[in-house]
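Engineer: Protein chains in written order, with the UniProt record's numbering: chain A, 1 to 314; chain B, 1 to 97; chain C, 1 to 96. Would you mind keeping the following structure in view while I ask a few things?
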Amino acid sequence: MSIATVFEIVLAAVVLGLGIWTIVVRETFSATVGFVAYGLLVALIWVRLDAVDVALTEAAIGGGLGGVLLLGAAARLRDADVMAAETPGKVVRASAAALSVLTTAALAGAVLLLPDPAPTLAPAAVANAWATGLSNSVTNVLMAFRAMDTMLEKVVLLLAIIGVWSLAPDSAWGGRPGPRHQADPDGVLAFLARLLPPVGIVVGIYILWTGADHPGGAFQGGAILASMWLLTIIAGLADTPPVSRRWLRFILVAGPCLFLVVGLVGLLFGAAFLSYPPALAKPLILGIEVAMILTIAATLGLLLAGAPERSAKP
Amino acid sequence: MSLVRDMITIAAVSAGAFFFLAGTVGLLRFPDTLTRLHALTKADNLGLGLVVLGLLPQAGGLRDGLKLVSIWLLGLLAGATVSQLIARAARHGESTR
Amino acid sequence: MTEFLTAAVGFVLAMLALGLVSILRGPGDADRMMATQLIGTGGIAALLLLGTVADVPAAIDVALTLALLATFASIAFVKKGLPRFEADGTASTEGE
């Protein structure tokens, strides 16, 4: 047994153990902290499996926005304390356990019944990479071969933000989301919020740019930009914009709209919906990605900020 | 030349691994929150720094090397900030609880 | 060289696993947060070593992203986790 195999077994055992512990532990906050650490270890596994694009997404979402969201939710649940009062009865528990076991069995069955070798389109995707001029096959699949899915994903993000906003009370409609954070302007947090965002913006744009030929892309870059925006908001250096602002709504729809326009032009003048002319494929994809990184950064930031709580007029 | 590079890597990465050990043992064995914090952040950042130093001779090019150094600088910034924030939170928590 | 670096990844990973014990044990939330911070830094180091061993240069970008966002979980902890204590420099007012 080589040293690499030992390492893989240890990594898998640690991740499985942590996963089980996260489910079993009673205290919400401990479970959340365990889950944040779990995401990090899973990123290690993705790198080991040579799926660096996925590892990057895990790092960008799990390390930043996901942790903030979950820890905030855990803190709110603890404050409320209503959850502890309502302990579920035996029937509810038994049915939940039965449902979980059934789901696990179905998943295990699906994995075990996979044909060997598994059906794959990967060789076809790699062989046709020349058509777009980009050499990262994940970006090729996301932006060209299955561009329809990516476009619809962005529409889902838009629907999510509408869902969050619809929780706003009438009086705050069109106002600013979330509480106004205040912090000592000379404190540690404000210092970090001044120092980190310039670096973060460069890294975010770099991740978008390198996505053409290496692991990276608009979603990961957008998640990093959103984290930086959120940091300045949390540190009290910036306030969330009122959701009725026209420029904000324009940014929110820019990505999906550009995607849709390019798709319809392809339908009118080209072969099919979302077909790019080969000579223009690369500039078109990059253009869509630039619009998308702005949309994704704004959407993720606003999703984290929450429903409008304060009226736009002070 | 390659031998010298490998020697540097082995020495620095081993030292880095030692500091990770020290940090973890400190986190588990020190008596209270603030001393644990001290063990954690100091050893932690030295550990990461030495690992980065050890990997520099193996880096593919100037750009990878610069990225490695910036990772360490970001790690230092994160360690310094987080230790301040957690120490304050812990102090306030103790005085009120 | 590869063997040495793989062993180093394994060692750092073992340290991470020990750090997990500290998440399990606590005793306080601050201790759990510190353990997460340790796991974060250790994970970055393990990623860098692993990227060199497995010859995946893009692992550096993953590590860069993690290093950039390393403070976020702890910031969320001090901002939201201790709402009753107006920790100096980190106070937040709820806009009701």
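Ideal Cβ positions, reconstructed from N, Cα and C, are used throughout, including at glycine. Keep in mind it's a predicted model, so treat the numbers as computed, not measured.
With H, G and I counted as helix, E and B as strand and the rest as coil, what does DSSP make of Arg-176 (chain A)?
Structural biologist: Correct three-state label for Arg-176 (chain A): strand.
Engineer: How long is the line joining the alpha carbons of Ala-131 (chain A) and Tyr-206 (chain A), rounded to whole angstroms?
Structural biologist: Straight-line Cα distance between these residues: approximately 24 Å.
Engineer: Among C:Asp-31, C:Gly-51, C:Thr-52, which one has its Cα closest to the Cα of residue 119 (chain B)?
Structural biologist: With chain B covering only 1 through 97, there is no way to say anything about residue 119 (chain B).
Engineer: Does any residue of chain A have a CB that is nearer than 8 Å to the CB of Gln-84 (chain B)?
Structural biologist: Yes, its Cβ sits closer than 8 Å to a Cβ of chain A.
Engineer: For Leu-47 (chain C) and Phe-20 (chain B), what's the separation of their Cα atoms in angstroms?
Structural biologist: Their backbone Cα atoms lie some 14 Å apart in a straight line.
Engineer: Taking the alpha-carbon positions, what's the Ala-183 (chain A) to Gly-10 (chain C) distance?
Structural biologist: In a straight line, the C-alpha of Ala-183 (chain A) is about 41 Å away from that of Gly-10 (chain C).
Engineer: Apart from the five residues just before and just after Leu-40 (chain B), which ones in its own chain have a Cβ nearer than 6 Å to its Cβ?
Structural biologist: So the list reads Gly-23, Leu-27, once near-sequence residues are dropped.
Engineer: Residues of chain A with a CB under 7 Å from the CB of Val-21 (chain C): which are they?
Structural biologist: Under the 7 Å cutoff, chain A gives no residues; its nearest Cβ is about 10 Å from Val-21 (chain C).
Engineer: Could you tell me which residues DSSP puts in a beta bridge with Pro-308 (chain A)?
Structural biologist: Looking at the DSSP assignment, Pro-308 (chain A) forms a beta bridge with A:Pro-177.
Engineer: Below 8 Å between beta carbons: does that hold for Gly-200 (chain A) and Ser-227 (chain A)?
Structural biologist: Yes, the pair counts as a contact, with Cβ atoms nearer than the cut-off.
Engineer: Per DSSP, what kind of secondary structure is His-38 (chain B) in: helix, strand or coil?
Structural biologist: Helix, per DSSP.
Engineer: Along chain C, which residues have their Cβ under 9 Å away from the Cβ of Val-69 (chain B)?
Structural biologist: Correct list: empty, because the minimum Cβ distance to chain C is about 11 Å.
Engineer: What does a CB cutoff of less than 7 Å around Ala-11 (chain B) pick up in its chain, not counting 5 residues either side in sequence?
Structural biologist: Closer than 7 Å at the Cβ level, and outside the excluded window around Ala-11 (chain B), lies no residue.
Engineer: Quick one: list the residues of chain A neighbouring Thr-41 (chain B), beta-carbon separation under 8 Å, in chain order.
Structural biologist: Ordered by position in chain A, no residue passes the 8 Å Cβ test against Thr-41 (chain B), which lies about 13 Å from the chain.
Engineer: Give, in chain order, every unbroken run of the alpha helix (DSSP H) that is at least 4 residues long and sits entirely within the segment 137 to 208 of chain A.
Structural biologist: The segment 137 to 208 of chain A contains these whole alpha helix (DSSP H) runs: 137 to 140, 147 to 165.
Engineer: Alpha carbon to alpha carbon, how far is Val-13 (chain B) from Leu-5 (chain C)? Give it in angstroms, no decimals.
Structural biologist: Taking the straight line from one Cα to the other gives about 8 Å.
Engineer: Taking Ala-80 (chain B) as the reference, which of C:Val-78, C:Ala-76, C:Thr-71, C:Phe-77 has the closest Cα?
Structural biologist: Closest by alpha carbon: C:Thr-71.
Engineer: Scan the segment 195 to 208 of chain A for residues whose Cβ lies nearer than 8 Å to a Cβ of chain B and list them as they occur along the chain.
Structural biologist: Answer in chain order: Leu-195, Leu-196, Val-199.
Engineer: Measure the alpha-carbon distance for Ala-125 (chain A) versus Leu-189 (chain A) and round it to whole angstroms.
Structural biologist: Taking the straight line from one Cα to the other gives about 46 Å.
Engineer: Output yes if chain C places a C-beta closer than 8 Å to the C-beta of Arg-29 (chain B); else output no.
Structural biologist: Chain C, which has no Cβ nearer than 8 Å to the Cβ of Arg-29 (chain B), makes this no.
Engineer: Going by the beta-carbon positions, is the gap between Ile-44 (chain C) and Ala-63 (chain C) smaller than 8 Å?
Structural biologist: Cβ distance < 8 Å, so Ile-44 (chain C) and Ala-63 (chain C) count as in contact.
Engineer: Name the residues in the segment 26 to 41 of chain C whose C-beta lies less than 7 Å from a C-beta of chain B; which are they?
Structural biologist: Hits within the stretch, in order: Gly-28, Ala-30, Asp-31, Met-33, Met-34, Ala-35, Gln-37, Leu-38, Thr-41.
Engineer: Taking 8 Å as the CB-CB cut-off, is Ala-76 (chain C) touching chain B?
Structural biologist: Chain B contact via Cβ: absent.
Engineer: What does the Cβ neighbour count give for Val-122 (chain A), buried or exposed, with the cut at 16 atoms within 10 Å?
Structural biologist: Correcting the residue type first, residue 122 (chain A) is Ala in the shown sequence and not Val. With fewer than 16 other Cβ atoms within 10 Å, it is exposed.
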